[in-house]
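In terms of numbering that gives the first Met the number 0, the sequence shown opens at residue 0 and continues consecutively.
Every residue, glycine too, gets a C-beta built ideally from N, C-alpha and C.
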Amino acid sequence: MKKILIMAVAGISIFIVLVGVIFFVLSSFNTPEPEPVLEESRYSNTRSVASLLLEVREKELDSLKTIMKLRENEVFLRDTKIDSLNEVITGHTRMTTRLEQQIANLTRKLDENQNQEANLKDLAKTFETMKSNEIGPILNRVDDPTVIAIYRNMGSRSKKMIMTALSTERAAEITKQLVGFQAEG
0 MKKILIMAVA GISIFIVLVG VIFFVLSSFN TPEPEPVLEE SRYSNTRSVA SLLLEVREKE
60 LDSLKTIMKL RENEVFLRDT KIDSLNEVIT GHTRMTTRLE QQIANLTRKL DENQNQEANL
120 KDLAKTFETM KSNEIGPILN RVDDPTVIAI YRNMGSRSKK MIMTALSTER AAEITKQLVG
180 FQAEG
């Protein structure tokens, strides 16, 4: 864009210099004393030069206006691009914030699950040290998923105590759930 501006200014400058040279050359010729009619033509030549200079100035002005409009368009395009990039950045920032929140929630849930699993293993170890008649009253007061979780965390020798501590019906129901059948009812 600078090259176009420099070329336009150089072209206009050369044109002005040439007009000045032509004017100087024409004025330096020895012309015979003009007649009154020639006096009018001299004024018309001066008017022609003035009108040429005026045209040159108008063309310069038009060129500058065109250059200014091009610059305004460039600024508008840059502003539009900046706005677009700002929107993209804002979107990425929001997404990053949401993902950080999800990570925090998942980390919290993982910690809770790990704590729950550790507690369940400790509870299963406690049940392994108890007798069948001591376990029965406790297991009769908890739900089936809890009984199954305790059962799965006990050693294989101690698992039979869980089943013998439960009533026959409940032991059958737990067995169905352990092998994957749905309870009818």
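Whole-number beta carbon distance between residue j and residue i, since they are thought to touch under 8 Å
{"i": "residue 152", "j": "residue 117", "result": "10 Å between Cβ atoms; not a contact."}
{"i": "residue 99", "j": "residue 143", "result": "The pair is not a contact, with the Cβ atoms about 38 Å apart (cut-off 8 Å)."}
{"i": "residue 11", "j": "residue 55", "result": "7 Å"}
Beta-carbon proximity of residue i to residue j, cut-off 8 Å
{"i": "residue 69", "j": "residue 18", "result": "no"}
{"i": "residue 157", "j": "residue 127", "result": "yes"}
{"i": "residue 161", "j": "residue 146", "result": "yes"}
{"i": "residue 88", "j": "residue 119", "result": "no"}
{"i": "residue 138", "j": "residue 109", "result": "no"}
{"i": "residue 66", "j": "residue 4", "result": "yes"}
{"i": "residue 7", "j": "residue 62", "result": "yes"}
{"i": "residue 106", "j": "residue 131", "result": "no"}
Same chain only: Cβ atoms within 6 Å of residue i, ignoring 5 sequence neighbours per side
{"i": "residue 37", "result": "Low per-residue confidence applies at residue 37: pLDDT is 49, beneath 50, and the placement is therefore not dependable, though the value from the model is reported in the following sentence. Nothing listed; no residue qualifies."}
{"i": "residue 97", "result": "none"}
{"i": "residue 170", "result": "162"}
{"i": "residue 94", "result": "none"}
Same chain, Cβ closer than 7 Å to residue i, neighbours up to 5 away in sequence not counted
{"i": "residue 22", "result": "48"}
{"i": "residue 0", "result": "69"}
{"i": "residue 15", "result": "55"}
Below-8 Å beta-carbon distance, residue i vs any chain B residue
{"i": "residue 144", "result": "Annotation note: the requested chain B is absent from the structure, which comprises a single protein chain."}
Residues near residue i in its chain [Cβ-Cβ closer than 8 Å; skip 5 each side]
{"i": "residue 58", "result": "11"}
{"i": "residue 85", "result": "none"}
Every unbroken beta strand (DSSP E) within the stretch 58-86, with a cutoff of 3 residues, ordered by chain: none
Return the chain-ordered ranges of every beta strand (DSSP E) run that is complete within the stretch 99-177 and spans a minimum of 3 residues. none
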